[in-house]
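Enquirer: Let me give you the structure first, and then I'll get to my questions.
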Amino acid sequence: MVAITFDTLKYANRLKAAGADSRIAEAEAEALAEVFELNLKEVATREDLKQMEERLNEKMDTRFIQLEQRMIIKLGGLMVIAIGVVATLVKIL
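FYI, in this note's numbering the residues of the sequence shown are 1142 to 1234.
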């Protein structure tokens, strides 16, 4: 969770200095502090992003290994077919 400091007293005092009613300034400051508290629970931290990056890298590494294995198998199959075609052509000619 992200830690943020929001000085409700300072905010309310600024509103009061700007001419806002004392009760309205205090209520708005409390409401804004609540909004920050609720919404910042959903914000990803650097640690969250690092963990996600590590998981994605692991998945990508696994997928690349699987892709490499499939490509090797296909290349091997193509080589067997090519050798068979060449051998057949040698026998025919």
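Where a beta carbon is used, it is the ideal one built from N, C-alpha and C, also for glycine.
1. I need the boundaries of the alpha helix (DSSP H) containing Leu1265, first residue and last residue.
2. Can you tell me whether Val1176 sits near the ligand FAD, meaning its C-beta is under 8 angstroms from at least one heavy atom of the ligand?
3. Pull up the distance between the alpha-carbon of Glu1183 and that of Phe1177, whole angstroms please.
4. Who are the near neighbours of Leu1156 in its chain, counting only those whose CB is closer than 6 angstroms to its CB and skipping five residues on each side?
5. When DSSP labels each residue in this structure, what does Ala1159 get in the three-state scheme?
6. Suppose the cutoff is 7 angstroms on Cβ atoms and the five residues either side in sequence are ignored; what does the same chain contact list for Thr1146 look like?
7. With a cut-off of 8 angstroms on the beta carbons, I'd call Ala1153 and Ala1170 a contact; round off their distance for me.
Expert: Inspection of the coordinates gives the following:
1. Here the chain covers residues 1142 to 1234 and nothing more, so residue 1265 does not appear.
2. In terms of ligand content, the structure shown is empty, and the ligand FAD therefore cannot be addressed.
3. If you take the alpha carbons of Glu1183 and Phe1177, they lie about 10 angstroms apart.
4. The beta carbon of Leu1156 sits closer than 6 angstroms to those of Ala1166, all from its chain and outside the five residues before and after it, given in chain order.
5. In the three-state reduction of the DSSP assignment, Ala1159 falls in the coil class, being assigned neither a helical nor a strand state.
6. Contacts found: none.
7. Between Ala1170 and Ala1153 the Cβ distance is about 4 angstroms, and since that is below 8 angstroms, they are a contact.
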